[in-house]
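To start, the structure under review is shown below, and the notes come after it.
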Amino acid sequence: MTYLNDPREPQEEIVERTPARIRVVRVVNAVVHAVCWIFALVLLVHILLVFGEANPANGFARLIDQWSRGVSLGLRNLFTPEGPKLRTLFNDGLAALLWLIIGGVVTDLVSRIGLPGPKRVWYRRPLS
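Reminder that position 54 of the sequence shown reads as 139 in the working numbering, one-by-one numbering, no gaps.
Listed below in C-alpha cells is the structure:
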C-alpha cells in the first residue's frame, strides 16, 4: 500500500518562470524575428526591382542590390537559368525563404532553452 506522500515515490518538480526571464526571451525573440524578416524583405524588394527592370545606376537600387548580396546566404549563383529575372527569383527567393525558416527555428530554440518547462521524472512502476 502506498501513501499519498510516500518518500520512495518520485515527485514532480515544477520550475517557476520568472517575469524577468520571460521578458528577456521575448525581447531576444522579437529581435531575431525582426532581423530575419528584414533580411527576407530586402531580398524580396531586390526580386521586385529586377523584375521591374529598375535602373541599376539608381542609388536605391544599388543599395538594395548591395544589401541583398550581403544577406543572400551564398546562394547568389546556386541556380543559373538563362535570364537574370529567373536567376534572381530562384536564388534570392530561396534565400528569403531560408531566412524565414532560420528565424522560426532560432526563436523556437531560444524559447525552449530560455523558458524550460516543468521537469518531470518518468519512471516505471514495478510489476507486482
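Backbone N, C-alpha and C define an ideal beta-carbon position, used for all residues, glycine too.
Sub-7 Å separation of residue i and residue j beta-carbons
i, j, result
"Leu-134", "Ala-181", "no"
"Thr-192", "Asn-114", "yes"
"Leu-194", "Val-110", "no"
"Trp-184", "Ala-125", "yes"
Residue i to residue j span [Cα, whole Å]
i, j, result
"Leu-160", "Ile-186", "15 Å"
"Gly-189", "Ala-146", "29 Å"
"Pro-76", "Val-117", "This structure does not reach residue 76, given that the chain is present from 86 up to 213, and the question cannot be answered."
"Arg-197", "Ile-107", "11 Å"
"Ala-139", "Glu-167", "19 Å"
"Phe-136", "Ile-123", "20 Å"
"Val-112", "Pro-169", "39 Å"
beta-carbon residue i near the ligand MN non-hydrogen atom, thresh 6 Å
i, result
"Asp-150", "By its list of ligands, the structure shown contains no ligand whatsoever, and the ligand MN lies outside what it can speak to."
Own chain, CB closer than 7 Å to residue i, minus 5 neighbours either side, in chain order
i, result
"Leu-174", "Ile-132"
"Cys-121", "Trp-184, Leu-185, Ile-187 and Gly-188"
"Leu-171", "none"
Cβ neighbours of residue i in the same chain (closer than 8 Å, five flanking residues each side left out)
i, result
"Asn-176", "Ser-157, Leu-160, Arg-161, Asn-162, Leu-163 and Phe-164"
"Arg-154", "Arg-161"
"Pro-141", "Arg-147 and Asp-150"
Same chain, Cβ closer than 6 Å to residue i, five either side skipped, listed in chain order
i, result
"Trp-152", "Val-127"
"Val-130", "Ile-149"
"Leu-179", "Leu-160"
Limits of the alpha helix (DSSP H) - the one that residue i falls within
i, result
"Ser-157", "First-last for Ser-157: undefined, no H or E at that position."
"Pro-104", "104-136"
"Leu-194", "169-199"
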